[in-house]
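Residue numbers (this note's numbering), protein chains in the order written: chain A, 1 to 184; chain B, 185 to 299.
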């Protein structure tokens with residue numbers, strides 16, 4: 001059982017960073033909903049603080065790894081006569097029936113993805129530094145929850161399209177890594 | 185600026201949180217504007233090509249992040265220890281966020297660019 005270096009890094013980007021970020025945003029929204037009444041001081045436990053910081057870190061790891069590691073492999077220009085399986089963008093755009101995965105899906109995903117970590121950084125910062133205001137002001141709670149819900153939507157769109165695009169034209173190449181020796 | 189805020193007396197200073205919300209909305213809007221602008225102008229896209237393997241995406245996102253952080257720093261400085269009219273700020277922040285989302289949607293960008 002083998003995997004290429006690019007496949008492994010793409011899996012880390014999408015399944016570890018992206019997938020965990022999406023789940024973490026959902027968890028943060030649940031956390032925010034628990035504290036939305038604001039009738040009394042709502043202290044965050046130490047693990048909740050660590051959770052928010054970790055969520056933000058994996059969100060940024062997802063978009064940075066996507067933009068600076070995976071995307072260059074995805075959009076690399078295929079030389080004449082090259083095997084297009086190693087050039088996903090060109091593989092997709094070579095045929096009208098698959099071009100939409102790039103022209104619509106990737107064009108949307110690569111940009112909307114960045115909205116999620118920006119927004120969740122703001123949400124985490126409010127929760128970590130300004131809980132007094134959160135507790136005191138219902139409008140603040142509603143606004144922060146609204147932004148968190150939008151971040152979830154943005155991350156879900158980016159993750160969903162990423163998974164589907166990688167299914168249609170996987171990012172491949174690089175050294176081969178043997179994960180397990182196959183039975184003869 | 186003075187019309188929408190006043191010095192905090194008894195109520196909690198919501199200025200820093202309002203600054204974070206509005207700056208976040210602005211950052212998302214800046215991202216959307218840059219996406220459409222880079223899509224519509226090859227010259228502008230080339231200017232935003234900060235890291236060639238990633239193309240203009242590197243510049244679009246870097247400039248948007250810088251715009252967001254600068255806006256956040258400036259607003260946080262202006263509204264430090266102040267209570268602001270949150271309804272106005274909220275409306276503006278959500279409007280900017282919605283526009284940012286809309287501008288990243290390729291068919292909407294194409295519509296604006298007359299394609």
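Idealized CB from N, CA, C, for every residue including glycine. This one's a predicted model, so the numbers in the text were calculated from it and none came from an experiment.
Under 8 Å, Cβ to Cβ, is there at least one residue of chain B near residue i?
i, result
"residue 170 (chain A)", "no"
"residue 118 (chain A)", "yes"
"residue 49 (chain A)", "no"
"residue 20 (chain A)", "no"
"residue 87 (chain A)", "no"
"residue 160 (chain A)", "no"
"residue 78 (chain A)", "no"
"residue 83 (chain A)", "no"
"residue 143 (chain A)", "yes"
Return the chain-ordered list of same chain residues with a C-beta closer than 8 Å to the C-beta of residue i, the five sequence neighbours on each side being excluded.
i, result
"residue 45 (chain A)", "none"
Find the nearest neighbour of residue i within the set the options, judged by alpha-carbon distance.
i, options, result
"residue 80 (chain A)", "A:91, A:105, A:34", "A:91"
"residue 67 (chain A)", "B:235, B:251, B:205, B:253", "B:235"
"residue 257 (chain B)", "B:197, B:198, B:203", "B:203"
"residue 211 (chain B)", "B:299, B:291, B:293, B:283", "B:283"
"residue 120 (chain A)", "A:161, A:162, A:27", "A:27"
"residue 246 (chain B)", "B:216, B:265, B:287", "B:216"
"residue 71 (chain A)", "A:137, A:144, A:122, A:169", "A:169"
"residue 156 (chain A)", "A:86, A:122, A:20", "A:20"
Please report whether the beta-carbon of residue i lies at a distance below 8 Å from any beta-carbon of chain A.
i, result
"residue 271 (chain B)", "yes"
"residue 232 (chain B)", "no"
"residue 238 (chain B)", "yes"
"residue 263 (chain B)", "no"
"residue 280 (chain B)", "no"
"residue 248 (chain B)", "yes"
"residue 191 (chain B)", "Note on residue 191 (chain B): pLDDT 44, under 50, position unreliable in the model; the coordinate value appears next. No, residue 191 (chain B) does not count as interfacial toward chain A."
"residue 285 (chain B)", "yes"
For the alpha helix (DSSP H) containing residue i, list its first residue and its last residue.
i, result
"residue 272 (chain B)", "270 to 287"
"residue 29 (chain A)", "19 to 34"
"residue 115 (chain A)", "115 to 129"
Ignore the nearest five residues each way along the sequence and tell me which others in residue i's own chain have a CB closer than 6 Å to its CB.
i, result
"residue 158 (chain A)", "109, 112, 113"
"residue 63 (chain A)", "113, 114, 117"
"residue 209 (chain B)", "277, 280, 281"
"residue 273 (chain B)", "202, 206"
"residue 151 (chain A)", "25, 116, 119, 120"
"residue 60 (chain A)", "117"
Give the range of the beta strand (DSSP E) segment to which residue i is assigned.
i, result
"residue 12 (chain A)", "No beta strand (DSSP E) holds residue 12 (chain A); DSSP gives it neither H nor E."
"residue 177 (chain A)", "176 to 178"
Closer than 7 Å by C-beta to residue i: which residues in its own chain qualify, once you throw out the five before and the five after it? Chain order, please.
i, result
"residue 89 (chain A)", "74, 75, 102"
Between residue i and residue j, which are expected to be in contact by the criterion C-beta below 8 Å, what is the C-beta distance as a whole number of angstroms?
i, j, result
"residue 260 (chain B)", "residue 214 (chain B)", "Contact doesn't hold; Cβ gap of about 17 Å is too wide."
"residue 164 (chain A)", "residue 105 (chain A)", "7 Å"
Could you list which residues in chain D have their beta carbon closer than 9 Å to that of residue i, in chain order?
i, result
"residue 268 (chain B)", "No chain D appears in this structure, whose protein chains are A and B."
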